[in-house]
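Under this note's numbering, the letters of the sequence shown match residues 1 to 205, in that order.
We put the CB at the ideal spot given by N, CA and C, even for glycine.
Since this is a predicted model, take the numbers as computed values, not measurements.
Below is one structure, written out as structure tokens; comments come after it.
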Amino acid sequence: MKYFNQFAWSLPKGFSDAIAYCKIEQGDMFYNTRKAYEESWDLKKVDWIIQVKAPSRGNTSLKSDDAKTVFEDNWHSTLIVEITNVRDDQLKREVHTTQGRLYNALRFGDISLIEETSPEPSVPLGVENLFEYLDLAKEHFLQRMPKTVENPNLFVVPINILSSVTTLKYSRALRAMRKIGNVSEFTLTLKECGIANWEKFNPML
Numbered sequence: 001m002k003y004f005n006q007f008a009w010s011l012p013k014g015f016s017d018a019i020a021y022c023k024i025e026q027g028d029m030f031y032n033t034r035k036a037y038e039e040s041w042d043l044k045k046v047d048w049i050i051q052v053k054a055p056s057r058g059n060t061s062l063k064s065d066d067a068k069t070v071f072e073d074n075w076h077s078t079l080i081v082e083i084t085n086v087r088d089d090q091l092k093r094e095v096h097t098t099q100g101r102l103y104n105a106l107r108f109g110d111i112s113l114i115e116e117t118s119p120e121p122s123v124p125l126g127v128e129n130l131f132e133y134l135d136l137a138k139e140h141f142l143q144r145m146p147k148t149v150e151n152p153n154l155f156v157v158p159i160n161i162l163s164s165v166t167t168l169k170y171s172r173a174l175r176a177m178r179k180i181g182n183v184s185e186f187t188l189t190l191k192e193c194g195i196a197n198w199e200k201f202n203p204m205l
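Shown next, in the form of structure tokens:
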């Protein structure tokens, strides 16, 4: 099974739409460790379980074809989750929270971020906020170029890996460049690009 490494909790790739649209719905269940999936569902290997009780499927925002708009609309919407502490004799409790709080709890691995008393997090910054960092990123990409390459032409583009718009633009640019000459591809995270406030951005960038 493949997972999203950008999240501290174990999120299988099957949650692609839920992550892309911040669209977590009734029945979705999350475990704090991959062992829940990979060791015959042995709950003795698990510390925490989060099960979504509401909203019911199909009730989160899909009023726009723009994934960014849908993500932002859903971020502040409410949901109800059941949190189970497996280590404390299957202690369960219900929490009223928001999509954004749950998203950040799964991303950073901090169960306290899901609490309704926790500050409501800001919507993560998107691709459009990365262009001012391209010069900074350029230096980190140049460091990875083979020493044998003199005066390389460098094309740096920010991509949301779950966005068909940005990935399509990238693939088209790549095809065009390959018609001109040899192309080497390098992929870096925002942190690897030297962006100090990388945690404020969408983890899929």
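Under 6 Å Cβ to Cβ from F4, same chain only, skipping five residues before and after it: list those, please.
As a first step, residue 4 must be located in the sequence shown, where it is residue number 4. Result list for F4: L11, in chain order.
Please list the segments of the alpha helix (DSSP H) lying wholly inside the region 57-131, counting only runs of 4 or more residues, in order along the chain.
67-75, 99-108
For V165, the first and last residue of its enclosing alpha helix (DSSP H)
Your numbering for residue 165 matches position 165 in the sequence shown. Segment 164-178, the alpha helix (DSSP H) holding V165.
Rounded to the nearest angstrom, what separates G181 and S56 at their Cα positions?
If you number the sequence shown from 1, residue 181 lands on position 181. If you number the sequence shown from 1, residue 56 lands on position 56. Cα-Cα distance, rounded: 51 Å.
If I measure Cβ to Cβ from L154 and keep anything under 7 Å in the same chain, skipping five residues before and after, which residues do I get?
One-based indexing of the sequence shown puts residue 154 at position 154. Result list for L154: K138, F141, L142, in chain order.
Alpha carbon to alpha carbon, what distance is there between V95 and S118?
If you number the sequence shown from 1, residue 118 lands on position 118. If you number the sequence shown from 1, residue 95 lands on position 95. The alpha-carbon atoms of S118 and V95 are separated by roughly 12 Å.
Return the chain-ordered list of same chain residues with a C-beta closer than 8 Å to the C-beta of V46, the five sequence neighbours on each side being excluded.
Start at 1 with the first residue of the sequence shown, and residue 46 comes out as number 46. Same-chain partners within the cutoff: Y31, N32, T33, K35, A36, V86.
Cβ separation of V81 and V123, assumed to be a contact under 8 Å, to the nearest whole Å:
Residue 81 sits at position 81 when you count from the first residue of the sequence shown. Residue 123 sits at position 123 when you count from the first residue of the sequence shown. At roughly 20 Å, the Cβ-Cβ gap does not stay under 8 Å, so V81 and V123 are not in contact.
In terms of residue numbering, what span does the beta strand (DSSP E) encompassing Y31 cover?
The residue labelled residue 31 in the question sits at position 31 within the sequence shown. Here the beta strand (DSSP E) through Y31 covers 29-31.
Span separating the alpha-carbon of A67 from that of V149
As a first step, residue 67 must be located in the sequence shown, where it is residue number 67. As a first step, residue 149 must be located in the sequence shown, where it is residue number 149. Cα-Cα distance, rounded: 39 Å.
Helix, strand or coil: how does DSSP classify A196 here?
Here the question's residue 196 lines up with position 196 in the sequence shown. In this structure, A196 counts as coil in the three-state DSSP scheme.
How many Å lie between G14 and M1 at the Cα?
For the purposes of this step, residue 14 is identified with residue 14 of the sequence shown, where counting begins at 1. For the purposes of this step, residue 1 is identified with residue 1 of the sequence shown, where counting begins at 1. So the two alpha carbons sit approximately 9 Å from each other.
Mind checking whether E120 and R101 have CB atoms under 8 Å apart?
Translated into the one-based positions of the sequence shown, residue 120 becomes position 120. Translated into the one-based positions of the sequence shown, residue 101 becomes position 101. In this structure, R101 lies closer than 8 Å to E120 by Cβ.
Go through the region 2-37 residue by residue and report every complete run of the beta strand (DSSP E) that reaches 3 residues or more, in order.
29-31
Whose C-alpha, out of N104, T84, K191, R93, is nearest the C-alpha of H76?
Residue numbering aside, residue 76 sits at position 76 when the sequence shown is read from its first letter. Checking every option, the nearest Cα to that of H76 belongs to N104.
Looking only at its chain, what residues have a beta carbon closer than 6 Å to the beta carbon of Q6, apart from the 5 residues adjacent to it on each side?
Within the sequence shown, numbered from 1, the residue matching residue 6 stands at position 6. Correct list, in chain order: P203.
Report the rounded CA-to-CA distance for L130 versus D28, giving the unit in angstroms.
The residue given as residue 130 occupies position 130 in the sequence shown. The residue given as residue 28 occupies position 28 in the sequence shown. Looking at the two C-alpha atoms, the distance is approximately 31 Å.
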